[in-house]
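**Q**
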Amino acid sequence: MKLTMSQALVKFLDNQYISFDGVETKFVDGIFGIFGHGCVVGIGQALEQGGHNLKFYQGKNEQGMAHAAIAFAKQKNRRQIIACTSSIGPGALNMVTAAGTATANRIPLLLLPGDTFACRQPDPVLQQIEQPASYSTTANDAFKAVCRYWDRISRPEQLMTACLNAMRVLTDPAETGAVCLAMPQDVEGEAFDYPEYFLKKRVWYLDRRSPTSREIDAAVEMIMKSEKPILIVGGGVTYSEAWETARFFAERFNIPICETQAGKGNIRWDLPLNMGGIGVTGGPAANNVAKQADLVIAVGTRLTDFTTASKWGFQNPNVKMLSINVCSFDAFKMDATAVIADAKTGLLDIMGALSVREYRSNWDSLELAQIKEDYNNEVDRQYSVYLKEGLSQTRALGEINKLIDKDAIAIGSSGSLPGCMQRLWRASVPKTYHMEYGFSCMGYEICGALGVKLAEPDKEVYTMVGDGSFLMLHSELYTAVMEGAKINVMLFDNSGWGCIENLQNNQGTDTFGTRFQARNPLSGMLDGAIVPVDFAKIAEGYGCKAYRVSSVSELRDAIIDSKEQTVPCLFDIKVVHGSMSDGYDAWWRVGVAEVSTSEKVQAAYEDMQANIEKARLY
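Using the working numbering, the first residue of the sequence shown is number 1, and each one after it goes up by one.
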């Protein structure tokens with residue numbers, strides 16, 4: 001069939017399916033795009049021509065639309081995607097950050113940026129980067145560092161191998177991440193006689209990988225020798241839909257559960273063995289049991305520094321690591337004994353073998369119950385904080401948590417809110433806690449809310465965003481209005497980057513460059529008055545329903561009223577600066593200055609060195 005490269009690409013994507021546990025799903029829902037000269041007459045023409053079932057979504061910022069696509073794929077458990085296309089140069093480069101987000105989080109993202117002319121005859125064209133030392137280098141080479149697969153289609157027939165390789169990576173849970181197919185704008189319009197077998201329906205099978213008998217035996221022996229194991233539930237439990245399996249495993253063997261940001265929400269918050277979030281942004285219960293653990297059973301987690309508290313969180317000198325992960329790269333982290341397997345299959349196989357041995361941990365049930373009770377009391381305290389200066393961040397978050405529907409989806413990504421949410425948020429239903437913390441990319445929150453709403457149109461979606469992150473990227477709020485996608489933006493305005501200011505102050509440095517203050521004509525520094533922003537007015541300008549909130553009663557009334565609205569809603573919540581939750585017995589390693597004139601910085605450096613001595617080396 002004679003088609004342009006772009007027309008063939010659209011037909012190919014329209015015919016890709018994925019099969020998981022016998023359920024077949026159309027893999028590519030549609031394409032996000034912002035048309036420029038580098039794509040509008042190529043892939044834009046192919047989409048406009050029709051003859052396919054792909055939806056076209058109009059983005060407003062290339063990074064924003066790609067982040068929405070990531071959130072969509074994440075909420076769909078990586079079984080359906082929205083591809084993204086852009087023009088050359090600036091449009092393409094705007095998607096590089098999102099590519100990093102996708103790869104860090106192990107989320108499939110297909111990027112189709114336009115590229116400069118393969119023929120080179122009109123060079124240098126508008127928005128072209130010229131590298132005198134390597135003329136074949138274009139802006140799209142920047143994607144190589146943040147993509148799991150990268151290719152440039154310089155001839156129309158190359159599309160076939162490029163597409164098959166792209167799909168191989170996108171549908172592999174161990175390899176998935178961002179995929180970039182750079183498309184020179186002249187090649188987008190060139191025709192080729194593509195064979196019918198390339199364009200036919202193709203099903204990619206997402207099979208559950210089972211552990212080997214050797215891996216099962218090794219895992220069973222490690223658990224049998226342990227007295228106080230813990231179970232860390234990561235994102236792999238989500239994508240494997242293993243939440244019931246993980247719960248049953250923990251209950252069968254009396255093992256306390258600790259949650260990563262990606263794994264939170266899989267287990268009901270009120271399950272007695274659920275100790276909540278672990279690590280730097282974790283709570284007191286999980287960090288307590290982590291310090292005592294002699295075996296860490298990590299399931300579907302990358303074991304980042306936030307989960308391990310910079311390898312400091314496991315204080316038992318005899319602690320051992322057991323990791324169940326479909327990706328060997330992640331499974332071997334921290335010198336763990338690796339079980340290369342799907343989370344659900346791995347847990348079931350180990351549980352079967354372990355049950356025969358009649359294993360049960362030596363955790364004292366009364367001790368665990370007390371730890372859990374103390375944790376619940378601390379959450380209640382944080383949710384009821386009263387400040388005479390105004391509304392605290394934790395109190396506002398608590399009211400939201402109490403008033404929204406149990407099956408509503410809460411989203412976050414950066415700043416102090418992810419810490420408050422991992423420590424305090426009470427999730428009762430799986431897939432209702434959506435946190436992008438693999439990259440913790442500021443600007444993801446509103447874009448992510450749009451993507452989640454497209455994935456779950458019948459659910460209420462609430463995104464928790466700070467004023468700093470909102471200012472970075474909120475353009476897809478307008479896209480939500482266009483799509484009729486009702487999202488709820490819970491904007492916590494504390495007049496600055498409070499999380500980083502807190503880090504700054506805790507490491508001995510006075511506040512500098514982290515509050516939104518005007519330049520002081522007397523000092524010449526950014527230490528003048530706070531610059532107020534009416535975020536509600538911005539939202540109203542987009543066509544949203546906006547609420548101005550500075551008290552508990554105003555927040556409650558706004559949430560109740562918003563449930564009756566059909567357009568996107570924004571809550572401009574003024575919170576007291578510095579009223580986020582505290583850290584709980586965890587350490588995060590940052591690069592404190594070794595030499596300083598400040599005694600506070602000197603003390604912070606000495607403290608860092610002391611904690612380094614306590615951290616494990618791998």
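Glycine included, C-beta positions come from ideal geometry on N, C-alpha and C.
Note that this is a predicted model, so its numbers are computed, not measured.
Decide if G496 is buried, meaning its Cβ has at least 16 other Cβ atoms within 10 Å, or exposed.
**A** On the sequence shown, residue 496 is found 496 positions in, with the first residue counted as 1. By the neighbour-count rule (16 or more Cβ atoms within 10 Å), G496 is buried.
**Q** Unbroken alpha helix (DSSP H) runs of length 4 or more, entirely within the segment 463-534: which are they?
**A** Those alpha helix (DSSP H) runs which fall completely within the segment 463-534 and span 4+ residues are 467-472, 476-483, 498-506.
**Q** Considering just the uninterrupted stretch of the alpha helix (DSSP H) at L397, what are its terminal residues?
**A** Within the sequence shown, the letter at position 397 stands for residue 397. First-last of the alpha helix (DSSP H) with L397: 393-403.
**Q** Suppose you measure from the CA of P521 to the CA of Q45; what does that come to, to the nearest Å?
**A** Translated into positions along the sequence shown, residue 521 becomes position 521. Translated into positions along the sequence shown, residue 45 becomes position 45. Those two C-alpha atoms are separated by around 54 Å.
**Q** Answer yes or no: do Q63 and D29 have a C-beta to C-beta separation smaller than 7 Å?
**A** Sequence index remark: in the sequence shown, residue 63 carries index 63 (1-based). Sequence index remark: in the sequence shown, residue 29 carries index 29 (1-based). No, the Cβ-Cβ distance between Q63 and D29 is not below 7 Å.
**Q** Counting only the same chain and skipping the five closest in sequence on each side, list residues whose C-beta sits under 7 Å from that of L159.
**A** One-based indexing of the sequence shown puts residue 159 at position 159. Excluding sequence neighbours, L159 sits near M5, A8, L9, I153.
**Q** Quick check for students: name the residue ranges of the alpha helix (DSSP H) that lie wholly in the segment 49-126, counting only runs of 4 or more.
**A** 62-75, 90-93, 96-105, all fully within the segment 49-126.
**Q** Report the rounded CA-to-CA distance for D14 versus L170, giving the unit in angstroms.
**A** As a first step, residue 14 must be located in the sequence shown, where it is residue number 14. As a first step, residue 170 must be located in the sequence shown, where it is residue number 170. For D14 and L170, the distance between alpha carbons rounds to 15 Å.
**Q** Out of F571, T479, A615, point me to the one whose CA is closest to I636's CA.
**A** Given a span of 1 to 618 for the chain in the structure shown, any question on residue 636 remains unanswerable.
**Q** Is A182 closer than 7 Å to P124 when the C-beta atoms are compared?
**A** Looking up residue 124 in the sequence shown gives position 124. Looking up residue 182 in the sequence shown gives position 182. Cβ distance not < 7 Å, so P124 and A182 don't count as in contact.
**Q** Of the choices A104, G591, A615, whose alpha-carbon is the least far from that of D330?
**A** Position 330 of the sequence shown, counted from the start, is the residue given in the question as residue 330. Comparing Cα-Cα distances from D330 to each of A104, G591, A615, the minimum goes to A104.
**Q** What's the call for A250, buried or exposed, on a 16-neighbour Cβ count within 10 Å?
**A** Indexing the sequence shown from 1 puts residue 250 at position 250. Burial call: buried.
**Q** Does DSSP classify F571 as helix, strand or coil?
**A** Translated into positions along the sequence shown, residue 571 becomes position 571. Strand, per DSSP.
**Q** Check F192 in the structure and name its three-state DSSP category.
**A** One-based indexing of the sequence shown puts residue 192 at position 192. Three-state DSSP puts F192 in a strand.
**Q** Run the CB neighbour count on C39, radius 10 Å, all protein chains shown included, and call it buried at 16 or more, exposed below.
**A** Translated into the one-based positions of the sequence shown, residue 39 becomes position 39. Under this definition C39 is a buried residue.
**Q** Relative to the C-alpha of E227, which candidate in N274, C163, D364 has its C-alpha closest?
**A** In the sequence shown, counting from the first residue as 1, residue 227 sits at position 227. That would be D364, whose Cα lies nearest to the Cα of E227.
**Q** Buried or exposed: where does I560 fall if 16 or more other Cβ atoms within 10 Å of its Cβ makes it buried?
**A** Along the sequence shown, one-based indexing puts residue 560 at 560. Counting Cβ neighbours within 10 Å, I560 comes out exposed, since fewer than 16 surround it.
**Q** Would you mind listing the beta strand (DSSP E) stretches within the segment 340-424 that are 3+ residues and don't spill past its ends, in chain order?
**A** You should have 409-412.
**Q** Identify the continuous beta strand (DSSP E) that holds G451 and give its terminal residues.
**A** Taking the sequence shown and counting its residues from 1, the one referred to as residue 451 is at position 451. Segment 444-455 is the alpha helix (DSSP H) holding G451; no beta strand (DSSP E) there.
**Q** Pull up the CB-CB distance for M351 and M334, whole angstroms please, since I reckon it's below 8 Å.
**A** Looking up residue 351 in the sequence shown gives position 351. Looking up residue 334 in the sequence shown gives position 334. Incorrect: roughly 23 Å between the Cβ atoms, too far for contact.
**Q** Excluding five sequence neighbours on each side, which residues of the same chain lie with their C-beta closer than 8 Å to the C-beta of S562?
**A** Within the sequence shown, residue 562 is the residue found at index 562, counting from 1. N488, K545, Y547, C569, F571, listed in sequence order.
**Q** Work out the CA separation of N376 and A145 for me, nearest whole Å.
**A** As a working mapping, residue 145 is identified with position 145 in the sequence shown. As a working mapping, residue 376 is identified with position 376 in the sequence shown. If you take the alpha carbons of A145 and N376, they lie about 43 Å apart.
**Q** Less than 8 Å between C-beta atoms, sequence neighbours within five positions excluded: which residues of the same chain meet that for V179?
**A** For the purposes of this step, residue 179 is taken as residue 179 along the sequence shown, with counting starting at 1. P108, L109, L110, L111, C147, R148, Y149, W150, A166, V169, L170.
**Q** Quick check: Q422 and T308, are their CB atoms within less than 7 Å of each other?
**A** If you number the sequence shown from 1, residue 422 lands on position 422. If you number the sequence shown from 1, residue 308 lands on position 308. Cβ atoms of Q422 and T308: not closer than 7 Å.
**Q** Please state if the CB of W312 and the CB of K614 are separated by a distance shorter than 7 Å.
**A** Locating residue 614 in the sequence shown gives position 614, counting from the first residue. Locating residue 312 in the sequence shown gives position 312, counting from the first residue. Yes.
**Q** Would you mind reading off the limits of the alpha helix (DSSP H) that contains M5?
**A** Within the sequence shown, residue 5 is the residue found at index 5, counting from 1. Looking at the DSSP string, the run of the alpha helix (DSSP H) that includes M5 is 5-14.
**Q** Once you ignore the five residues that flank Q131 on each side, which residues in its own chain have a CB closer than 6 Å to its CB?
**A** Looking up residue 131 in the sequence shown gives position 131. Answer for Q131: T137, listed in chain order.
**Q** How would you call E460, buried or exposed, if buried means at least 16 neighbouring beta carbons within 10 angstroms?
**A** Walking along the sequence shown from the start, residue 460 turns up at place 460. It is buried - the Cβ of E460 has at least 16 other Cβ atoms within 10 Å.
**Q** If you follow the beta strand (DSSP E) that M580 is part of, which residue opens it and which one closes it?
**A** The sequence position of residue 580 within the sequence shown is 580, counting from 1. From DSSP, M580 is part of no beta strand (DSSP E); its letter is neither H nor E.
**Q** Quick check: what's the CA-CA separation for L471 versus N494?
**A** By 1-based counting over the sequence shown, the position of residue 471 is 471. By 1-based counting over the sequence shown, the position of residue 494 is 494. About 13 Å.
**Q** For L454, I'd like the list of residues in its chain whose CB is within less than 6 Å of its CB, leaving aside the five on either flank, ordered along the chain.
**A** Here residue 454 corresponds to residue number 454 of the sequence shown, with the count starting at 1. Taken in chain order, the residues that qualify are F72.
**Q** Give the C-beta separation of V299 and G234 to the nearest angstrom, bearing in mind that I take them to be a contact with Cβ-Cβ under 8 Å.
**A** Looking up residue 299 in the sequence shown gives position 299. Looking up residue 234 in the sequence shown gives position 234. That pair is a contact at about 6 Å.
**Q** Please look up how many angstroms separate the CB atoms of S414 and C441, rounded, as I've assumed it's under 8 Å.
**A** Here residue 414 is taken as the residue at index 414 of the sequence shown, counted from 1. Here residue 441 is taken as the residue at index 441 of the sequence shown, counted from 1. Contact holds; Cβ gap of about 6 Å.
**Q** Among L3, R78, G89, E48, which residue has its Cα nearest to the Cα of H37?
**A** Here residue 37 is taken as the residue at index 37 of the sequence shown, counted from 1. Answer by Cα proximity: G89.
**Q** State the start and end residues of the unbroken beta strand (DSSP E) segment that holds E24.
**A** Position 24 of the sequence shown holds residue 24. It spans 23-26 - the beta strand (DSSP E) in which E24 sits, taken as one unbroken run.
**Q** Would you tell me roughly how many angstroms separate the C-alpha atoms of D607 and A485, rounded to the nearest one?
**A** Here residue 607 is taken as the residue at index 607 of the sequence shown, counted from 1. Here residue 485 is taken as the residue at index 485 of the sequence shown, counted from 1. Taking the straight line from one Cα to the other gives about 49 Å.
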